[in-house]
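Presented below is the structure to which this report refers.
Below, the structure is given as structure tokens:
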């Protein structure tokens, strides 16, 4: 019989305990949870605040009683693990109700303490209207405060910050977002956040980018937020959403090896540096599917699967399979726009000085001739050596999750840009296109690799360059492009004599497709021609419908 | 300079011509099309008939004039290729307007004649109200006939047949579907069509399964359809949708090697057996990604990419990449239900006597706690040797295309059931679950492989077997299961003494998850226990919401 103690009863700890029970009816499994709730739906918290999830019960997935019935677990809520004795294989727990303490013996210990919101020691940060969102209690407090608030400031424009902004807006609050970076969703490359910024502004949310929070001051029943720029913002409610840090104080005291940012270091079986102690979830760093250095991905999917791997290692013997590493796939929906990523971004590749090439394509999410087609943009990063996909980002209105999932699967399968050309994705007019945008990304990337076209990723700032805009006249009239000569694509072949063969040409269109066609014509006619990748859609109007033939 | 002649100007021919032009401004490219339209949106035809696509122009993607402007193609519509002289590298074409004929010389010929609907020589089949749907003219005729019809019979319940049935119903016609097989969507395994059958019936469409058409008789302005069973059905309008055959008469006369079902045999560069002649699209058979024998997949995606491969082979030299073969990914939406497949089905694996195992899982399409979660079913076929995915089928209301695309990508990446466990798919509550149904399929499959559970795929018909229904009492009362003993899951551990340890047990629940949990408990307590895979949801109520904890 095995005695298992699990510290933390949400995603990683819950999955570990459930899998362990499946594998061993005989094990004694005790789950220690500091909060009053176990196994709640973390990712749903913002949606209950805004009322999009109407029932609070929907989030309380399990109770100690239900887990006893389903899994024969001993769950102790409002109980904190305060010390680990690795040599004695025991953990000291404190009942937060009566303060009593006791030692629990274990054969194996699972540490799944999760992460806590970053709360920098700024002046005034302990004000009563300043909240972080981690658990059901935080959620209840924010929901209650929002009910009597007219305005909110959300600090941090990452995934959770944007979800919070949307949900507070849904309650009728005036919402401002403050973000230190010059873009929302700083996890994404800059150009992939443009549509989301447009969507937030369209919905009346104020964006304050490139500015950070300096201090807070009470102002009547509200809070005055002083920004680094000197600007002041008053709000009835402030939500801090500037990231999380692993909750690994106990692990550190117990002598577990931690990574540079405080995460518990684990091997491919989720074993920590101390025998008998496993760890999983937001508190750990694991292998990165795409890199040599460890990855810390504080998301529910990896947490659940890591917990499962640890239980398998304890009970499954040779049949257990190691954790293969994380990709960091993530997505967010705000109003009608979705954006997300998988694998590495261009920024990260550049910072790591890792060789890469960039392909950006635009298309509709399903056949353009079928009603309801919505534009989307897909960016793929790939290895110039072998063509392997290193990362992808997508943004648009519909079908973003699907393309990210295809690319995430492609990375796991070590697929190349050639493989993307030939993915045979499900097609009927309501679902996709005979050439899906993922195929188009493969076409564009292989065209670049094979030297059929040279792309530029910025509009030229050189008077020597002839910037040729091949969009049709009505499109150009609606969205003129400064410094460009307009030669509508169908006129190009008969207009070659108007161009100077001794000056380089950059072709440009809405989406980057017609400009590629134009560059092909010019190259074959002896011009030094390059195509502006992805078109000017992103900078002019990220919502432009992707009707390619006339762009 | 290369002279290219393209026979057939829709998907494969159009893609070939477009890619060829991109690669060579100097080529002379002539496209021969028998019909009056070139490059039209084939897959949209049913939707224009029903009015879901309101604008006919949306389907006429290109015209000869627009293709001249965009691609400098010579397009000859209403022109038929009537003979090929491979030795002389020329093709004889007939102008269907004036009957004049001429020989066109080519350096390379692309045959993309497509497929024609099967129209068996049944008595009365040439009746004026009996239609097939292949092109814009057929579409116009059916739409016109439907306008004065009150009832329709669709013969054939494949993808196009169901789309036609839905669209005719949308116009207010009474619609019956006649299908020779005992299921709709005979491309799928039987149990994966149950939800679609329920959806068709719910919408008032009559299903006549296991019956075929014998003959037609005019009856006033209507048509009487005599079925093999003797049954008679009257309808104002009949649509035949019983499959397609490759339109390869010309290819045969030219001496090209054909496959057993009349498809043009091509190599990985789309080269036919005759030098200088390429072929692509519905008329050819190519490699199968998963098998040794050739595959013929009459769909737009493969057609487009095959056309592109042929052009690359002509112009790209060593940079060209071969066609990697087809998977047969396909999907259909009818009313609110989607169903589709990728790779091989169980039926096909069984017919080929190819070793395989079956995993069937049920879940919601996104987090159950987020409003709007809809049930879906996913079936995965895998190789018992190495765990590689051999095929998948999915059906449900939302997110079906996404899961098929992930599985299609997984097959290309040669992923195994272990890899499915660890796919890191994009998760936020509106999009998925921390454990996506694709992960669940991996969990269920590896559990079966690792001997944690033995699944049965049919309910036992042996009085010796104890059939234990672990659903909760209210669920059992709503949907009782004959011959089963109900022990609600939370009571199971305390009820083991009620069971006979000397008799085998099969556990059953709604979705196959709790029955797996129950089988684990029983196995570890010394019982010979198996779990009924996928639960009884499919046979009782394929729409049951997948609230797993209480199933």
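Residue numbers (the working numbering), protein chains in the order written: chain Z, 75 to 625; chain G, 75 to 625.
Note that CB positions come from ideal geometry on N, CA and C, so glycine has one too.
Asked	Found
Contact residues within the region 475-493 of chain G, judged by C-beta distance below 8 angstroms to chain Z	475, 476, 478, 479, 480, 482, 483, 484, 486, 487, 488, 489, 492 and 493
Segment contact flag, the region 162-175 of chain G with the region 333-342 of chain G, C-beta cutoff 8 angstroms, min 3 pairs	no
The region 481-490 of chain Z in contact with the region 429-436 of chain Z per 3-pair CB rule at 8 angstroms	no
Alpha-carbon to alpha-carbon, residue 173 (chain G) and residue 625 (chain Z)	Residue confidence for residue 625 (chain Z) is low, a pLDDT of 33 falling below 50, so the modelled location carries little weight; the figure read from the coordinates is stated next. If you take the alpha carbons of residue 625 (chain Z) and residue 173 (chain G), they lie about 39 angstroms apart.
Contacts around residue 282 (chain G), its chain only, beta-carbon distance under 8 angstroms, and the 5 residues preceding and following it disregarded	250, 251, 252, 253, 301, 305 and 307
Cβ-Cβ distance between residue 411 (chain Z) and residue 270 (chain Z) below 7 angstroms	yes
Span of the alpha helix (DSSP H) around residue 425 (chain Z)	420-425
Residues from the region 393-407 of chain Z in contact with chain G, defined by Cβ distance under 8 angstroms	393, 395, 397, 398, 400, 401, 402, 403, 404, 405, 406 and 407
Proximal chain G residues relative to residue 598 (chain Z), where beta-carbon distance stays under 8 angstroms	98, 99 and 100
Contact set between residue 601 (chain Z) and chain G, taken where Cβ atoms lie within less than 7 angstroms	Those do not exist, as residue 601 (chain Z) stays about 11 angstroms from chain G at its closest Cβ, beyond 7 angstroms.
Beta-carbon neighbours of residue 374 (chain Z), restricted to chain G and to distances below 9 angstroms	501, 507, 508 and 509
Which residues DSSP lists as bridging residue 235 (chain G), in chain order	In DSSP, residue 235 (chain G) forms no bridge with anything.
Through-space distance from residue 102 (chain Z) to residue 76 (chain Z), alpha-carbon basis	6 angstroms
Runs of beta strand (DSSP E) wholly within the region 110-151 of chain G (minimum 3 residues, chain order)	148-150
Residues near residue 618 (chain G) by beta carbon distance below 7 angstroms, same chain, minus five either side	449, 584 and 611
Within chain Z, partners of residue 355 (chain G) - CB distance below 8 angstroms	Simply none; closest approach about 11 angstroms.
Bridge-paired residues (DSSP) for residue 203 (chain Z)	Paired residue(s): none; residue 203 (chain Z) is not in a bridge.
Interface partners of residue 369 (chain G) on chain Z, CB under 9 angstroms	Correct list: empty, because the minimum Cβ distance to chain Z is about 11 angstroms.
Selection of the region 138-157 of chain Z by Cβ proximity to chain G, strictly under 9 angstroms	140, 142, 143, 144, 145 and 146
Close beta carbons around residue 189 (chain Z), own chain, < 7 angstroms, minus the five adjacent residues each side	318, 319, 320, 321, 356, 357 and 372
Residue 96 (chain G), buried or exposed, once every other Cβ within 10 Å from all chains shown has been counted against 16	buried
Opposing strand residues paired with residue 450 (chain Z) [DSSP bridges]	Z:437 and Z:470
Cutoff 7 angstroms: residue 67 (chain Z) Cβ touching any chain G Cβ	It is not possible to answer for residue 67 (chain Z), since the shown part of chain Z is limited to 75 through 625.
The region 175-193 of chain Z in contact with the region 84-93 of chain Z per 3-pair CB rule at 8 angstroms	yes
The region 229-241 of chain Z contacting the region 127-141 of chain Z, beta-carbon criterion three pairs below 8 angstroms	no
Beta-carbon spacing of residue 263 (chain G), residue 420 (chain G) below 7 angstroms	yes
Continuous beta strand (DSSP E) assignments of at least 3 residues falling wholly in the region 521-601 of chain G	540-543 and 579-582
Of the listed residues G:390, G:383 and G:408, nearest to residue 396 (chain G) (C-alpha basis)	G:383
Contact set for residue 570 (chain G): own chain, Cβ-Cβ below 6 angstroms, skip 5 residues either direction	599
Chain Z within 7 angstroms of residue 625 (chain G), Cβ atoms only	Because residue 625 (chain G) carries a pLDDT of 33, less than 50, the predicted location of this residue cannot be relied on, and no value is offered for it.
DSSP beta-bridge partners of residue 169 (chain Z)	Z:153
CA nearest to the CA of residue 149 (chain Z), picked from Z:525, Z:387, Z:388 and Z:139	Z:139
Segment contact, 8 angstroms Cβ cut-off, at least three pairs: the region 502-514 of chain Z with the region 436-447 of chain Z	yes
Proximity below 7 angstroms, CB of residue 312 (chain G) to CB of residue 146 (chain G)	no
Closest Cα partner of residue 498 (chain G) within the set Z:380, Z:560 and Z:143	Z:380
Whole-angstrom C-beta distance between residue 238 (chain Z) and residue 469 (chain Z), which should lie under 8 angstroms	Actually they are not in contact, since the Cβ atoms of residue 469 (chain Z) and residue 238 (chain Z) sit about 19 angstroms apart, beyond 8 angstroms.
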